[in-house]
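Following: one structure in C-alpha cells, then a few remarks.
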Amino acid sequence: MIWTKKQLAEALSVPVNCRNAITGKVEFNSKNVNKGDLFIAMQGNRDGHQFVSDAIANGATAVIVSKEVDILPKDQDKVIKVTDTHVALEELANYKRVNSKAKFIAVTGSVGKTSTKESLRLMLASYGKVFASRGNFNNYLGLPLNLASIPDDTEYVVIELGMNHPGEIAKLTDMVRPDIAIITAIAEGHLEFFNSVAEIADAKSEIFNALDINNGIAILNCDSTSYDRCLQNIDKLNMQNVKIFGTKEEADVRFTSYELLDDNTVRLQYVINNEKIEISMNMVAERQAKNFAACFTAIIALDLEIEKAVTAITKFKPQTGRGNIVEIDKTGHKYSIICDYYNSNPESLKAALQNLAIIPANKKAVILGDMGELGKDAIKLHQAMIPYIIDAQAKTVILIGELMSNIISLLPKDINIYHYPDTQSLLKELDKIIVDEELILIKGSRFVGLEKAAEHLGVVNVL
Numbered sequence: 062m063i064w065t066k067k068q069l070a071e072a073l074s075v076p077v078n079c080r081n082a083i084t085g086k087v088e089f090n091s092k093n094v095n096k097g098d099l100f101i102a103m104q105g106n107r108d109g110h111q112f113v114s115d116a117i118a119n120g121a122t123a124v125i126v127s128k129e130v131d132i133l134p135k136d137q138d139k140v141i142k143v144t145d146t147h148v149a150l151e152e153l154a155n156y157k158r159v160n161s162k163a164k165f166i167a168v169t170g171s172v173g174k175t176s177t178k179e180s181l182r183l184m185l186a187s188y189g190k191v192f193a194s195r196g197n198f199n200n201y202l203g204l205p206l207n208l209a210s211i212p213d214d215t216e217y218v219v220i221e222l223g224m225n226h227p228g229e230i231a232k233l234t235d236m237v238r239p240d241i242a243i244i245t246a247i248a249e250g251h252l253e254f255f256n257s258v259a260e261i262a263d264a265k266s267e268i269f270n271a272l273d274i275n276n277g278i279a280i281l282n283c284d285s286t287s288y289d290r291c292l293q294n295i296d297k298l299n300m301q302n303v304k305i306f307g308t309k310e311e312a313d314v315r316f317t318s319y320e321l322l323d324d325n326t327v328r329l330q331y332v333i334n335n336e337k338i339e340i341s342m343n344m345v346a347e348r349q350a351k352n353f354a355a356c357f358t359a360i361i362a363l364d365l366e367i368e369k370a371v372t373a374i375t376k377f378k379p380q381t382g383r384g385n386i387v388e389i390d391k392t393g394h395k396y397s398i399i400c401d402y403y404n405s406n407p408e409s410l411k412a413a414l415q416n417l418a419i420i421p422a423n424k425k426a427v428i429l430g431d432m433g434e435l436g437k438d439a440i441k442l443h444q445a446m447i448p449y450i451i452d453a454q455a456k457t458v459i460l461i462g463e464l465m466s467n468i469i470s471l472l473p474k475d476i477n478i479y480h481y482p483d484t485q486s487l488l489k490e491l492d493k494i495i496v497d498e499e500l501i502l503i504k505g506s507r508f509v510g511l512e513k514a515a516e517h518l519g520v521v522n523v524l
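Final position of the sequence shown in this note's numbering is 524; the numbers increase by one with none missing.
Shown next, in the form of C-alpha cells:
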C-alpha cells in the first residue's frame, strides 16, 4: 500500500473521493503512469494538466491538480484539487517521511552514487523490505517523488542525492532526514559551478546536516582526496558516530584485494569487523568493488549480520550504461563492449581505463567523449587522462567532442587515433574503424550521447 484515501486527505488537508487506494507509485509523467499510480499535474516545460486524461487512461487511480481539467464525468471522483501541485508533492513527501518506521540511508558523491545505491538495495533486500530511489531521480523534483512513493511497510529506504550548486544537498537532506549518510567519493565532477574540489566536498558534506548528532551515522571514504575536508565538516556538526571505508588500515570496512580470475570472474577481499571476507563473482570493475565497501559499512552501521549482504552482492549486475559488459556477435565478429557511457568525469574515466588495462584482450579500442562541468581546468583535466589511455593499451582511440581534441597531439603515434565533433559524425564511419577489436570501452558525459555508438555496434536497450 502506498496511499489510502485517509492518508491522502491528512497529508494534503483537502477532500479525497477516489474509490481505490494508491498501490503503485507517485508520478508526474503521464507516459510512465501505470495502473494504481497517483498522477500529479506539475507545471514544467509543459503543463501536466494537459495530460490528466492520458494519465487516467493509463490507469491512474487518482490525479492531483491545481486547476480545472476536462475529463469524463465517471472519472471526476479521481480528481484531488489543491492550491499548488508542487507544494502538494512536498506535503506528500513530508507525510511519508514523518510517518515511516523505516531506516533511511542517503547517498551522495561525485562518483558511484547510483551504483552504491543499487548495491545497497540488493544487500538490504536480504534483511527486509527495501525501497530505493528510482533511476537518477535525485534532485528537488525527483526526491519528493521518490519519498511520496514509499510503501507503508518499507523497512529500509536508500535515497540518492545529486547536486550542481552549493546548498542543494542541504535542502534535499532536510527532506530525507537520514539515519545514515554516505559520501562515496569527491572528484572534479562539478568544477564548472565551484572554485575548487574543497568547495565540492563542502557542498557534498551538507548531507550530514540533518543527521541526529547522537544517533545518526556518517560514512566516509578514507581514500578520497577530500576525506580530511569532509571529516572537518562532520566535526563542526559535533557528530558522534563516523564510520569509514577504503583501503587504509583504519577503515571499519577495508577493501584489500581485487583479482581477475578469468575473463568473467573476479575475486574480492575485504576485512570487516576484523574478519577476512572473500567474494568470487561475475566481473565488476575495481571501483565498483570499492562501492561495495561503502555498502558493507552501512550494513554494519545498521547492526545487521554481514553474511547475508556478502551472499546477496554476488548477484550484482551493473546497470545499463554504468559499466555493464555486453557480448556481441556481429556477422562473425565477436567482441565485448564495456558500456560506461551514462556519465563521465576524470575520476570515473581514470577508473574505467584502469579496469580496461587489466582485462586481457588482443586488440582493444576506446570511444571517449567530452567530460562536462569541469570549468576553467577542463582541458588540463582531459589531458591528465593520457597516461591512463596509454596504460590501457588500446590500439584504437576514438575521441568525441571539442575538449577531447586537445589530447590528440599528445598521444603516442603508434595508436590509431580518430576524432569527431559529435557522436552522429562518428556513426557514419564507425563500421570502418571497429573491424577486429575484441574489447571496446565506451565512456563519455551524458550530453555526448555515446549510447548511440553502443547501439550502432549491436547493443540493445542502451539506456
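Just so it is clear, CB atoms sit at the ideal spot from N, CA and C, and this is done for glycine as well.
Beta-carbon proximity of residue i to residue j, cut-off 8 Å
i: I360; j: A370; result: yes
i: Q454; j: K474; result: no
i: A167; j: V237; result: yes
i: I468; j: H443; result: yes
i: P239; j: A264; result: no
i: I374; j: F353; result: yes
i: I243; j: A355; result: yes
i: V458; j: V427; result: yes
i: Y402; j: G505; result: yes
i: T308; j: R315; result: yes
i: G170; j: I247; result: yes
i: T122; j: G97; result: yes
i: P304; j: D313; result: The sequence as given places Lys at residue 304; Pro does not occur at that position. In this structure, D313 lies closer than 8 Å to K304 by Cβ.
DSSP beta-bridge partners of residue i
i: A167; result: I220, A242
i: V87; result: L99
i: L502; result: I399, V427
i: F568; result: Because the chain in this structure spans residues 62 to 524, residue 568 falls outside the shown range and cannot be described.
i: D108; result: Q104
i: I342; result: Just to set this straight, residue 342 is Met in the shown sequence, not Ile. BP columns for M342 point to V327.
i: V140; result: V124
i: H480; result: L460
DSSP state of residue i mapped onto helix, strand, coil
i: M432; result: coil
i: F357; result: helix
i: S536; result: Since the first residue of the chain shown is 62 and the last is 524, residue 536 is not available in this structure.
i: V327; result: strand
i: E249; result: coil
i: T457; result: strand
i: V371; result: helix
i: Q380; result: coil
i: N385; result: strand
i: I450; result: helix
i: K190; result: coil
i: D390; result: strand
i: N294; result: helix
i: K92; result: helix
i: K337; result: strand
i: Y201; result: coil
Straight-line gap, residue i to residue j (C-alpha atoms, nearest Å)
i: K441; j: D431; result: 12 Å
i: I117; j: K190; result: 29 Å
i: I501; j: Q380; result: 17 Å
i: A231; j: Y201; result: 11 Å
i: I163; j: P448; result: For the sequence presented, residue 163 should be read as Ala rather than Ile. Going from the Cα of A163 to the Cα of P448 covers about 46 Å.
i: N207; j: E151; result: 11 Å
i: V130; j: V509; result: 39 Å
i: L518; j: I268; result: 40 Å
i: C79; j: I101; result: 14 Å
i: I543; j: E516; result: The displayed coordinates of the chain run from 62 to 524. Any statement about residue 543 would go beyond what the structure contains.
i: R107; j: G120; result: 21 Å
i: E336; j: R182; result: 23 Å
i: N294; j: S266; result: 7 Å
i: T84; j: P421; result: 48 Å
i: D273; j: V159; result: 15 Å
i: M184; j: V126; result: 38 Å
i: L491; j: Y288; result: 42 Å
i: L73; j: V143; result: 8 Å
i: G203; j: T245; result: 20 Å
i: I338; j: K378; result: 20 Å
Residue i: CB within 7 Å of a non-hydrogen atom of the ligand NAP
i: I141; result: This structure lacks the ligand NAP; in fact it carries no ligand of any kind.
Touch test, the stretch 349-364 against the stretch 462-472, Cβ-Cβ under 8 Å, three pairs minimum: no
Stretch-stretch touch, CB-based, cutoff 8 Å, three pairs: the stretch 483-503 with the stretch 410-418: yes
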